[in-house]
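To keep things clear, I will list the structure first and then write my remarks on it.
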Amino acid sequence: MSKNNHILIKDQIESSKLFSRELINKIAKYLEDNFDNLDNIILDFSDIEFISRSAAHELVVLKPKYPNLIYKNLDDELAEIIRIVAASNAVRKESNNFNPQKVNFKELMGSI
Amino acid sequence: MKNIKVYKNSGDSLISQLESFYKTFKEINDLEKVSFDLTELNWINPLLINTISTYTYHSKSEILVPNDSKIYPYLNKISFPDGVNSVAKIAHFNKSYTPVSKLDSNVDSLARNKIFDCFLDLIYKIIGEVPGAKTAMFYPLTELTNNIFEHSKSKMGFLFGQSFEHKKCLDICIVDKGRGIKKSYEEEKGLHYTDEEALTESLKGHSTKNAERGFGIHTSGKLICQGFGGEYMIISGNAVYIQTKGKEILTTLKGFNWEGVIVMYKIPFPKGKIDITPYIE
Chain G
2 MSKNNHILIK
12 DQIESSKLFS
22 RELINKIAKY
32 LEDNFDNLDN
42 IILDFSDIEF
52 ISRSAAHELV
62 VLKPKYPNLI
72 YKNLDDELAE
82 IIRIVAASNA
92 VRKESNNFNP
102 QKVNFKELMG
112 SI
Chain B
2 MKNIKVYKNS
12 GDSLISQLES
22 FYKTFKEIND
32 LEKVSFDLTE
42 LNWINPLLIN
52 TISTYTYHSK
62 SEILVPNDSK
72 IYPYLNKISF
82 PDGVNSVAKI
92 AHFNKSYTPV
102 SKLDSNVDSL
112 ARNKIFDCFL
122 DLIYKIIGEV
132 PGAKTAMFYP
142 LTELTNNIFE
152 HSKSKMGFLF
162 GQSFEHKKCL
172 DICIVDKGRG
182 IKKSYEEEKG
192 LHYTDEEALT
202 ESLKGHSTKN
212 AERGFGIHTS
222 GKLICQGFGG
232 EYMIISGNAV
242 YIQTKGKEIL
252 TTLKGFNWEG
262 VIVMYKIPFP
272 KGKIDITPYI
282 E
């Protein structure tokens with residue numbers, strides 16, 4: 002198959018926001034359906050203004066499957082979100098300090 | 002058909018809204034068809050708007066509100082209780098609130114995504130399009146809404162937003178009537194918890210899917226409360242978690258069950274850039 006190896010994400014998802022895992026999976030499916038070899042494929046983030054944590058995580062999960070994908074025009078804030086999620090994916094942190102106060106509902110209503 | 006009086010609330014704090022929600026819904030058996038009586042109300046809070054809309058959709062319940070009542074024009078504008086699920090009806094909305102907006106997984110995902118995309122833009126417009134605040138605004142809304150379709154298995158999600166200009170804050174409510182958090186753990190991991198235990202596990206970041214997931218509920222709460230200085234509440238089954246004014250509270254609603262998940266949060270209007278990186282993990 003011969004296709005342009007430059008993929009504009011905004012065109013693929015028809016949005017400027019990568020807000021769900023589903024959208025990343027849509028891009029992955031497009032890649033698999035259209036390219037035999039994913040070396041040197043460019044994912045262009047031009048005009049992408051937001052990435053959710055879930056979408057960033059899905060991107061991190063997909064990366065080992067497509068190690069030679071090239072990210073282009075990734076805004077600093079988006080890049081930082083992906084970096085944090087990737088680091089967190091490698092070392093799972095748990096919220097061990099979760100210790101809410103258990104309150105009787107009537108008592109809670111009395112506090113209004 | 003049972004007539005259910007919708008209770009007035011004494012304020013707009015999340016705890017006040019919870020009180021009127023509980024008083025309204027505690028007499029209803031799940032999915033029982035009822036008539037919600039709004040006759041005595043001159044105002045209705047966002048939690049009641051979105052939960053009554055959701056409940057009415059699933060139970061085919063009815064709404065009793067006289068055409069000449071004070072709140073009728075407002076309810077009409079926000080498309081209460083039927084909601085809207087078209088891009089045109091959300092994109093051109095120009096108020097300090099959103100319409101009750103429906104995300105329907107029965108339609109193709111592209112159409113649903115476009116509606117959600119418009120809802121996000123509308124929320125950003127309501128807070129005044131503050132430069133640098135967009136990511137922080139969208140982060141909890143996207144994480145908590147994605148949960149409806151990824152975890153709850155609900156076919157329909159309801160979103161509603163209302164700003165309070167005099168208090169410079171915005172309430173957002175996200176509701177589904179899916180399987181709820183307790184059943185998610187049962188069905189995905191074979192773990193048997195009470196509603197309170199299940200809610201606690203999800204807030205600790207223990208995913209019902211796999212170890213690398215489960216951050217959404219927990220990190221959204223951190224951003225809302227520590228990043229914005231807001232309030233955050235989650236209801237599932239009979240369990241309620243509230244984070245407000247530096248306190249984290251867990252309580253149980255006696256004789257009550259909401260099959261599904263309700264997320265409600267209140268944030269002050271941002272005044273500038275909010276860096277989300279300390280909160281996302």
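Note that the protein sequences, when read in sequence, are chains G and B.
With the first sequence counted from 1, adding 1 to any position gets you our numbering.
With the second sequence counted from 1, adding 1 to any position gets you our numbering.
All residues carry an ideal CB built from backbone N, CA and C; glycine is no exception.
Report task. Look at the alpha carbon of G:Lys-18 and the alpha carbon of B:Val-262, and state the distance between them as a whole number of angstroms. Result -> Residue numbering aside, residue 18 of chain G sits at position 17 when the first sequence is read from its first letter. Residue numbering aside, residue 262 of chain B sits at position 261 when the second sequence is read from its first letter. Distance between the alpha carbons of G:Lys-18 and B:Val-262: 25 Å.
Query raised in the report: Does the count of Cβ pairs from the region 12-29 of chain G and the region 43-55 of chain G closer than 8 Å reach three?
Result: Touching, yes, given that three or more Cβ pairs across the two stretches are closer than 8 Å.
Query raised in the report: Mind checking B:Glu-289: buried by the 16 CB within 10 Å criterion, or exposed?
Result: In the structure displayed, chain B extends from 2 to 282; residue 289 of chain B sits before or after that span and is not available.
Report task. List the residues of chain B that G:Lys-103 touches, going by C-beta distances under 9 Å, in chain order. Result -> Looking up residue 103 of chain G in the first sequence gives position 102. Chain B residues near G:Lys-103: Glu-197, Ile-250, Leu-251, Thr-252 and Thr-253.
Report task. Work out the CA separation of B:Ala-92 and B:Lys-135 for me, nearest whole Å. Result -> For the purposes of this step, residue 135 of chain B is taken as residue 134 along the second sequence, with counting starting at 1. For the purposes of this step, residue 92 of chain B is taken as residue 91 along the second sequence, with counting starting at 1. Straight-line Cα distance between these residues: approximately 17 Å.
Report task. Please go through the same chain and pick out, in chain order, the residues whose beta-carbon is closer than 7 Å to the beta-carbon of B:Ile-5, but skip the five residues on each side of it. Result -> As a position in the second sequence, residue 5 of chain B is number 4, starting the count at 1. Excluding positions up to five away in sequence, the list reads Thr-25, Glu-28, Ile-29, Val-35, Ser-36, Phe-37 and Asp-38.
Query raised in the report: Between B:Pro-132 and B:Lys-272, is the Cβ-Cβ spacing less than 8 Å?
Result: Position 131 of the second sequence, counting from 1, holds the residue named residue 132 of chain B. Position 271 of the second sequence, counting from 1, holds the residue named residue 272 of chain B. One thing to note: B:Pro-132 has its Cβ no nearer than 8 Å to the Cβ of B:Lys-272.
Query raised in the report: Does DSSP put B:Ile-116 in a helix, a strand or coil?
Result: Taking the first residue of the second sequence as 1, we reach residue 116 of chain B at position 115. B:Ile-116 falls in the helix class under three-state DSSP.
Query raised in the report: Can the beta-carbon of B:Tyr-140 be found less than 8 Å from the beta-carbon of B:Ser-221?
Result: Translated into positions along the second sequence, residue 140 of chain B becomes position 139. Translated into positions along the second sequence, residue 221 of chain B becomes position 220. With a cutoff of 8 Å on beta-carbon distance, B:Tyr-140 and B:Ser-221 are scored as near each other.
Query raised in the report: Quick one: Cα of B:Lys-61 to Cα of B:Ser-80, how far?
Result: Stepping through the second sequence from its first residue, residue 61 of chain B is reached at position 60. Stepping through the second sequence from its first residue, residue 80 of chain B is reached at position 79. Approximately 16 Å between the Cα atoms of the pair.
**Report entry** Exposure of B:Lys-103, with buried meaning 16 or more beta-carbon neighbours within 10 Å
**Finding:** As a working mapping, residue 103 of chain B is identified with position 102 in the second sequence. B:Lys-103 comes out buried.
Query raised in the report: What in chain B is Cβ-close to G:Leu-109, meaning under 7 Å?
Result: To locate residue 109 of chain G, count along the first sequence from 1; it is residue 108. Going along chain B in sequence order, the residues near G:Leu-109 (Cβ under 7 Å) are Ile-16, Ile-250 and Thr-252.
**Report entry** Chain-order list of residues whose beta-carbon lies under 8 Å from that of B:Tyr-23 (same chain, five-residue window excluded)
**Finding:** For the purposes of this step, residue 23 of chain B is identified with residue 22 of the second sequence, where counting begins at 1. Leu-254 and Phe-257, listed in sequence order.
Query - Between the CA atoms of B:Lys-156 and G:Glu-108 - distance to the nearest angstrom - result: The residue given as residue 108 of chain G occupies position 107 in the first sequence. The residue given as residue 156 of chain B occupies position 155 in the second sequence. Taking the straight line from one Cα to the other gives about 36 Å.
Query raised in the report: Is there a Cβ from chain G that is less than 8 Å from the Cβ of B:Leu-111?
Result: As a position in the second sequence, residue 111 of chain B is number 110, starting the count at 1. True, the Cβ-Cβ gap to chain G drops below 8 Å.
Report task. Throw me the rounded Cβ distance for the B:Ser-110 and B:His-152 pair, which I believe falls under 8 Å. Result -> Here residue 110 of chain B is taken as the residue at index 109 of the second sequence, counted from 1. Here residue 152 of chain B is taken as the residue at index 151 of the second sequence, counted from 1. Your pair B:Ser-110 and B:His-152 does not check out as a contact, with CB atoms roughly 17 Å apart and the cut at 8 Å.
Query - Cut-off 6 Å between Cβ atoms - residues of its own chain near G:Tyr-72, not counting five sequence neighbours on either side - result: Start at 1 with the first residue of the first sequence, and residue 72 of chain G comes out as number 71. Leu-44, listed in sequence order.
Requested in this report: Under 9 Å between beta-carbons, which chain C residues line up against B:Leu-121? List them in chain order, please.
Outcome: Structure shown: chain C not included; protein chains present are G and B.
Requested in this report: Report all residues from its chain with a CB closer than 6 Å to the CB of B:Thr-146; omit the five preceding and five following residues, and keep chain order.
Outcome: Taking the second sequence and counting its residues from 1, one reaches residue 146 of chain B at position 145. Counting only Cβ-Cβ distances below 6 Å, and skipping sequence neighbours, we find Ile-175.
Query raised in the report: Just to confirm, are B:Thr-252 and G:Val-104 a CB contact at a threshold of 8 Å?
Result: Start at 1 with the first residue of the second sequence, and residue 252 of chain B comes out as number 251. Start at 1 with the first residue of the first sequence, and residue 104 of chain G comes out as number 103. Taking 8 Å as the Cβ cut-off, B:Thr-252 and G:Val-104 qualify as a contacting pair.
Query raised in the report: Taking all protein chains shown into account, do 16 or more other C-beta atoms lie within 10 angstroms of the C-beta of B:Trp-259, making it buried, or fewer, making it exposed?
Result: Residue mapping note: residue 259 of chain B aligns to position 258 of the second sequence, counting from 1. Burial call: buried.
**Report entry** Coil, strand or helix - B:Lys-255 by DSSP
**Finding:** On the second sequence, residue 255 of chain B is found 254 positions in, with the first residue counted as 1. Of the three classes helix, strand and coil, the one that applies to B:Lys-255 here is coil, per DSSP.
Report task. Please name the residue in B:Lys-205, B:Ser-164 and B:Gly-191 whose C-alpha comes closest to that of B:Pro-269. Result -> As a working note, residue 269 of chain B is residue 268 in the second sequence. Sorting B:Lys-205, B:Ser-164 and B:Gly-191 by C-alpha distance to the C-alpha of B:Pro-269 places B:Ser-164 at the top.
Query - Simplified DSSP state of B:Thr-195, which is helix, strand or coil - result: For the purposes of this step, residue 195 of chain B is taken as residue 194 along the second sequence, with counting starting at 1. In the structure shown, B:Thr-195 falls within a coil segment according to DSSP collapsed to helix, strand and coil.
Query raised in the report: In chain order, which alpha helix (DSSP H) runs of at least 4 residues are fully inside the region 119-157 of chain B?
Result: Counting only runs of 4 or more residues that sit fully inside the region 119-157 of chain B, the alpha helix (DSSP H) segments are 135-148, in chain order.
Report task. Check whether the Cβ of B:Thr-99 lies closer than 8 Å to any Cβ atom in chain G. Result -> Working through the second sequence from its first residue, we reach residue 99 of chain B at position 98. With 8 Å as the cut-off, B:Thr-99 does not count as an interface residue toward chain G.
Report task. Kindly indicate if chain G contains any beta-carbon less than 8 Å away from that of B:Lys-135. Result -> Against the second sequence, residue 135 of chain B aligns to sequence position 134. Cβ-Cβ to chain G under 8 Å: yes for B:Lys-135.
Report task. Starting from the C-beta of G:Ser-3, find all residues in its chain whose C-beta is less than 6 Å away, skip the five residues before and the five after it, and write them out in chain order. Result -> Here residue 3 of chain G refers to the residue found at position 2 when the first sequence is read from its first residue. Here G:Ser-3 scores only 42 on pLDDT, less than 50, and its place in the model should not be relied on; the value that follows carries that caveat. No residues qualify anywhere along the chain.
Query raised in the report: Of all the options G:Ile-85, G:Lys-11, G:Leu-70 and G:Glu-59, which has the alpha carbon lying nearest to the alpha carbon of G:Asn-38?
Result: As a working mapping, residue 38 of chain G is identified with position 37 in the first sequence. Of the candidates G:Ile-85, G:Lys-11, G:Leu-70 and G:Glu-59, the one whose C-alpha sits nearest the C-alpha of G:Asn-38 is G:Leu-70.
Query raised in the report: Per DSSP, B:Gly-238 is paired with what?
Result: Here residue 238 of chain B refers to the residue found at position 237 when the second sequence is read from its first residue. DSSP lists B:Trp-259 as partners of B:Gly-238.
Query raised in the report: So which residues of chain B does G:Phe-106 contact, with C-beta pairs closer than 7 Å?
Result: Here residue 106 of chain G is taken as the residue at index 105 of the first sequence, counted from 1. In chain order: Thr-252, Thr-253, Leu-254 and Lys-255.
**Report entry** Residue(s) in a DSSP beta bridge with B:Met-265
**Finding:** By 1-based counting over the second sequence, the position of residue 265 of chain B is 264. Paired residue(s): B:Cys-174 and B:Met-234.
Requested in this report: Counting only the same chain and skipping the five closest in sequence on each side, list residues whose C-beta sits under 6 Å from that of B:Leu-48.
Outcome: Translated into positions along the second sequence, residue 48 of chain B becomes position 47. Excluding residues within five positions, the ones whose Cβ falls inside 6 Å are Gln-18, Phe-22, Cys-174 and Met-265.
Requested in this report: Compare the C-beta of B:Tyr-140 with all C-beta atoms of chain G and state if any pair is closer than 8 Å.
Outcome: The sequence position of residue 140 of chain B within the second sequence is 139, counting from 1. Taking Cβ atoms only, chain G reaches closer than 8 Å to B:Tyr-140, which makes this a yes.
Report task. Just confirm the distance between the C-beta atoms of B:Ile-16 and G:Ser-112, as a whole number of angstroms; I'd bet it's less than 8 Å. Result -> As a first step, residue 16 of chain B must be located in the second sequence, where it is residue number 15. As a first step, residue 112 of chain G must be located in the first sequence, where it is residue number 111. The pair is a contact, with the Cβ atoms about 7 Å apart (cut-off 8 Å).
Query raised in the report: Which of helix, strand or coil does DSSP assign to B:Val-101?
Result: Looking up residue 101 of chain B in the second sequence gives position 100. It is coil, neither helix nor strand.
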